[in-house]
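Below you'll find the structure, written out as structure tokens, and then a few comments.
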Amino acid sequence: MTQTDKTPSATAAGRFTFPGTEISVNRMGYGAMQLAGPGVFGPPKDEAVARDVLREALALGVDHIDTSDFYGPYVTNRLIREALHPYPANLTLVTKVGAYRDDKGAWLHDITPDFLKRSVEENLENLKLERMDVVNLRIAGPGEDVTEAMKALRDLQDEGLVGHIGMSTVTMDQLRAGQDIAPVVCVQNLYNIVFREDDAMIDKLAEAGIAYVPYFPLGGFSPIQSAGLNDVAADLGTTAQQVALAWLLQRSPNMLLIPGTGSIAHLHENVAAAALDLTPEAKQKLDGLSAA
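Quick note on our numbering: the sequence shown kicks off at 16 and runs consecutively.
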């Protein structure tokens, strides 16, 4: 596959079923964060383009969208609702709770039960849903106790407002503590071709059939810069971004990707990575790029 292929498809990377659920998604998904304005704050420059990107993502086979009310805040969920509601039956929407933005755009943390309940209810209202498919609990750091927050999400699950629970920015110890309270179907942590601190966790989750969803798969606010990555891309006749995404998909069968963009052209480029086969020589070179 090269970027000259005309119509990329998210189906090319295969599917994954979240453990203990009937939710099956294409492994190439979409992250809505970049649909908000600069710094993930305020609206985008052109909301019509943002809505077009969302519709095009579904047209390319994307059936897993990651979002949150603290993107904007409230911007990406509103755009998703405006562009896609009523939602296709096969679309899985995943949100995160545990943070909010102040009037200057700062990211503030809160995982108290009352705040989590209000956050879930606001996500449901803004997306025009009765139940969230998956809600990820966003943790602030390795020392934070997740017990009460996970109990709160379990209660919301019992109420029927939350289908399934995931965790974000967590350690293995926090994940185990969370699993003692409620089943965890996915983990969303920082991971990409050069930042690989979660290698051991990914392998353990794969054994348990739990999804791993890397955020900043292309480096996020600091895009990946690597001569080795560029060399492999040149050899394959594709882009460095596509190679980085393809490497993640081939890293582990439980890896689900949610690269974000506000551009249809970049969306096509990202989705095309689902069909990119890395040669053994290319994969060996890429495996050696870790900065961890």
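Don't be surprised by glycine CBs; every beta carbon is placed ideally from N, CA and C.
DSSP places R169 in the helix class (H, G or I) of the three-state scheme. The region 209-288 is shown to contain whole alpha helix (DSSP H) runs of 4 or more residues at 214-223, 242-251, 255-266, 279-287, in chain order.
Your pair V228 and I273 checks out as a contact, with CB atoms roughly 6 Å apart and the cut at 8 Å.
Each residue's CA atom was taken as its position, placing E212 and E222 some 18 Å apart. Assignment of N92 by DSSP, reduced to helix, strand and coil, places it in the helix class. Remark: three or more beta-carbon pairs, one from each stretch, lie closer than 8 Å, so the region 107-115 and the region 140-153 are flagged as touching. Remark: C-beta atoms of L304 and S241 approach each other more closely than 9 Å. Here S183 is buried: its Cβ has 16 or more other Cβ atoms, across all protein chains shown, within 10 Å.
A Cβ-Cβ distance of about 6 Å is found for the pair V68 and L282, placing them in contact under the 8 Å criterion. The beta carbon of A28 lies closer than 7 Å to those of N41, R42, M43, L264, A289 in the same chain, with the five residues before and after it left out. In the DSSP assignment, A297 falls within the unbroken alpha helix (DSSP H) covering 295-302. Along the region 40-87, the beta strand (DSSP E) occurs as fully enclosed runs of 3 or more residues at 79-82, listed in sequence order. Within its own chain, the residues whose Cβ lies closer than 8 Å to the Cβ of R169, once the five positions on either side in sequence are excluded, are I180, I196, A197, listed in chain order.
Contiguous alpha helix (DSSP H) elements confined to the region 142-195 occur at 162-173, 187-194, taking only those with 4 or more residues.
By the criterion of a C-beta distance shorter than 7 Å, E97 is surrounded in its chain by R66, once the five residues flanking it on both sides are discounted. Counted as a single uninterrupted DSSP element, the stretch harbouring F33 is not any beta strand (DSSP E), since DSSP gives it neither H nor E. Following the DSSP letters along the chain, one finds Y115 inside the beta strand (DSSP E) bounded by residues 114-116. For L123, the enclosing beta strand (DSSP E) begins and ends at 122-124. N207 and F31 do not touch by the CB rule: their CB atoms are close to 19 Å apart, not below 8 Å. Using a Cβ distance threshold of 9 Å, P59 and G277 count as a contacting pair. Using a 10 angstroms sphere on the CB of A104, the tally of other CB atoms stays under 16, which defines it as exposed. A Cβ-Cβ separation of about 7 Å places G35 in contact with V200 under the 8 Å criterion.
Of the other Cβ atoms in all chains shown, 16 or more fall within 10 Å of the Cβ of T91; this residue is therefore buried.
DSSP lists I80 as the beta-bridge partner residues of L108.
9 Å or more divides the Cβ of P157 from the Cβ of T127. Secondary structure of L139 (DSSP, three-state): helix.
According to DSSP, L205 shares a beta bridge with Y230. In this structure H79 touches L271 by the C-beta definition: roughly 7 Å separates them, less than 8 Å.
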